[in-house]
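Visitor: Below: one structure in structure tokens.
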């Protein structure tokens with residue numbers, strides 16, 4: 001041992017070793033040395049110059065020590081010992097600080113969005129104004145886009161059912177549906193002048209956990225532009241974000257959680273915009289202001305959390321409404337049951 005060569009440690013000179021062990025908080029080893037000294041003094045045992053042979057269990061690599069001090073930081077300390085007739089050389093010892101370090105900051109949990117493609121984006125456009133813009137937007141985000149134009153209510157139901165039962169969802173990380181149609185406050189009509197239409201809640205139920213198991217635990221995003229008839233009063237629908245259950249009109253039995261770990265209604269984002277159907281009766285039909293703002297946000301700020309983008313989307317629509325007549329206004333509401341932060345693109 002280096003300390004023995006410098007005559008700083010010997011079988012009958014262990015004070016320095018005791019102090020070092022006390023400095024690094026190895027009280028267990030210090031106690032062993034003290035017991036060794038006491039027994040040696042009592043029995044008068046002849047010392048040998050190999051301290052390690054006498055104390056085979058004294059090791060600075062004691063596993064229990066490593067377990068207690070894991071995650072500590074290592075730093076060098078210099079021990080300068082002044083003794084007459086001995087060259088004063090600093091002795092470097094690497095000592096690990098005791099005590100566990102504070103855990104690193106864990107970022108907020110996010111949905112996994114790494115599959116290629118990210119998922120299927122279903123676009124059903126029964127108006128005919130915004131398909132190209134939305135197709136380009138979601139393709140750029142990494143989705144496999146499927147577009148269907150000018151469908152009847154029956155065809156809408158058929159397409160939704162087929163997509164909801166696609167086994168390919170199990171290989172993807174999310175699902176998007178964009179729907180543009182005429183309708184009323186609770187339903188969409190497609191191209192049919194249907195008196196009842198397809199209830200929006202029925203669309204949601206097709207993709208819940210018990211009917212669409214391939215998407216359990218994955219974000220399911222719905223963006224709906226519904227042009228409603230004049231008997232609907234848009235002032236009943238505010239522009240504020242509503243952060244709550246995605247399903248409001250489900251019977252109590254359906255609300256009971258099933259045996260699955262993830263609730264059947266979890267991981268939905270439901271963005272619904274209503275506008276007056278008279279906007280479609282003008283000589284030149286303009287694209288949806290809501291969908292235009294949505295596409296712009298997703299193009300320019302795709303690396304930000306989607307819920308934050310939607311809040312800003314609400315504000316953009318509100319600013320638009322302040323400068324137009326009642327018949328030209330858009331009314332947006334958001335409901336979601338997302339359990340994690342959602343960023344559509346991290347590239």
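In UniProt numbering, the protein residues as written are 1 to 347. Using N, Cα and C, we set each Cβ at its ideal position, and we do this for glycine too. Because the structure is a prediction, the values reported are computed rather than measured.
State the Cα-Cα distance for the pair residue 138 and residue 334, rounded to the nearest angstrom.
Guide: So the two alpha carbons sit approximately 20 Å from each other.
Visitor: The beta strand (DSSP E) spanning residue 126 covers which residue range?
Guide: From DSSP, residue 126 is part of no beta strand (DSSP E); its letter is neither H nor E.
Visitor: If I measure Cβ to Cβ from residue 177 and keep anything under 6 Å in the same chain, skipping five residues before and after, which residues do I get?
Guide: Excluding residues within five positions, the ones whose Cβ falls inside 6 Å are 122, 222.
Visitor: Please name the residue in 11, 300, 225 whose C-alpha comes closest to that of residue 275.
Guide: Here the closest residue by C-alpha is 225.
Visitor: Indicate the three-state DSSP secondary structure (helix, strand or coil) for residue 345 in the structure shown.
Guide: Coil, per DSSP.
Visitor: Quick check on residue 359: does DSSP put it in helix, strand or coil?
Guide: Outside the modelled stretch of the chain, which goes from 1 to 347, sits residue 359, for which no answer is possible.
Visitor: Specify whether the segment 276-286 and the segment 206-217 touch according to this definition: at least 3 beta carbon pairs, one from each stretch, less than 8 Å apart.
Guide: No: the two stretches stay apart, fewer than three of their Cβ pairs being nearer than 8 Å.
Visitor: Measure the Cβ-Cβ separation of residue 111 and residue 219 and say whether it is below 7 Å.
Guide: In this structure, residue 219 lies closer than 7 Å to residue 111 by Cβ.
Visitor: Which residue marks the beginning of the beta strand (DSSP E) containing residue 296, and which one marks its end?
Guide: Run containing residue 296: none in the beta strand (DSSP E); it sits in the alpha helix (DSSP H), 289-300.
Visitor: Output the distance between the C-alpha atoms of residue 340 and residue 307, rounded to the nearest integer angstrom.
Guide: One C-alpha to the other measures close to 11 Å.
Visitor: Rank 201, 127, 290, 18 by C-alpha distance to the C-alpha of residue 284 and give the top, closest one.
Guide: Cα-wise, what sits closest to residue 284 is 127.
Visitor: Per the DSSP calculation, residue 225 is bridged to which residue(s)?
Guide: DSSP lists 180, 273 as partners of residue 225.
Visitor: Excluding the 5 residues preceding and the 5 following residue 267 in the sequence, name in chain order all residues of the same chain whose CB lies nearer than 7 Å to its CB.
Guide: Closer than 7 Å at Cβ, skipping near neighbours: 217, 218, 219, 220, 337, 338, 339.
Visitor: With three or more beta-carbon pairs closer than 8 Å as the criterion, would you say the segment 140-152 touches the segment 202-211?
Guide: Cβ pair count under 8 Å is below three, so no.
Visitor: How do the segment 180-189 and the segment 162-171 stand: do at least 3 beta-carbon pairs fall below 8 Å, yes or no?
Guide: Taking 8 Å as the limit for Cβ pairs, the verdict is that the segment 162-171 does not touch the segment 180-189.
Visitor: Could you please give me the residues that DSSP links to residue 268 through a beta bridge?
Guide: Paired residue(s): 220.
Visitor: Since residue 228 and residue 185 are thought to touch, with beta carbons under 8 Å apart, how far apart are those beta carbons, to the nearest angstrom?
Guide: Right, their Cβ atoms sit about 6 Å apart.
Visitor: Tell me whether residue 159 sits in a helix, a strand or coil according to DSSP, three-state version.
Guide: Note: residue 159 maps to helix in three-state DSSP.
Visitor: In angstroms, rounded to a whole number, what distance separates the CA positions of residue 311 and residue 109?
Guide: Their Cα atoms are separated by approximately 20 Å.
Visitor: In the DSSP assignment, find the beta strand (DSSP E) that holds residue 309 and state where it starts and stops.
Guide: First-last for residue 309: 306-321, but that is the alpha helix (DSSP H), not the beta strand (DSSP E).
Visitor: Report the option in 325, 324, 316, 302 whose CA atom is closest to the CA atom of residue 348.
Guide: Residue numbering for the chain in the displayed model covers 1 to 347; residue 348 lies beyond these limits and cannot be assessed.
Visitor: Closest to residue 293 by C-alpha separation, out of 305, 280, 318, would be which residue?
Guide: Closest by alpha carbon: 318.
Visitor: Taking only three categories from DSSP, how would you classify residue 13?
Guide: The answer is strand: DSSP assigns residue 13 an E or B state.
Visitor: Would you kindly check if the distance between the Cβ of residue 295 and the Cβ of residue 118 is under 7 Å?
Guide: It is not a contact, given that the beta carbons lie outside the stated cut-off.
Visitor: Along the chain, where does the beta strand (DSSP E) that runs through residue 146 open and close?
Guide: Looking at the DSSP string, the run of the beta strand (DSSP E) that includes residue 146 is 144-149.
Visitor: In the DSSP assignment, the alpha helix (DSSP H) including residue 338 goes from what residue to what residue?
Guide: Where residue 338 is concerned, there is no enclosing alpha helix (DSSP H), given that its DSSP letter is neither H nor E.
Visitor: Rounded to whole angstroms, what's the CA-CA distance from residue 12 to residue 37? Just pull it up for me.
Guide: When rounded, the distance between both Cα atoms is 8 Å.
Visitor: How would you write the range of the beta strand (DSSP E) that residue 188 sits in, first residue to last?
Guide: It spans 187-190 - the beta strand (DSSP E) in which residue 188 sits, taken as one unbroken run.
Visitor: Beta-carbon separation of residue 14 and residue 27 under 7 Å?
Guide: Result no, Cβ atoms of residue 14 and residue 27 do not sit closer than 7 Å.
Visitor: Once DSSP output is grouped into helix, strand and coil, what is the label at residue 138?
Guide: Residue 138: helix per DSSP, three-state reduction.
Visitor: Nearest to residue 129 by alpha carbon, out of 280, 165, 24?
Guide: Looking at the Cα atoms, 280 is the closest of the given residues.
Visitor: What do you get for residue 324, buried or exposed, if any count of 16 or more other CB atoms within 10 angstroms of its CB means buried?
Guide: So residue 324 counts as exposed.
Visitor: Let me know if residue 327 comes out buried or exposed under the rule of 16 or more other beta-carbons within 10 Å of its beta-carbon.
Guide: Looking at its Cβ environment, which holds fewer than 16 other Cβ atoms inside 10 Å, residue 327 is exposed.
Visitor: Using a threshold of 7 Å, state whether the C-beta atoms of residue 144 and residue 120 are closer than that.
Guide: Result yes, Cβ atoms of residue 144 and residue 120 sit closer than 7 Å.
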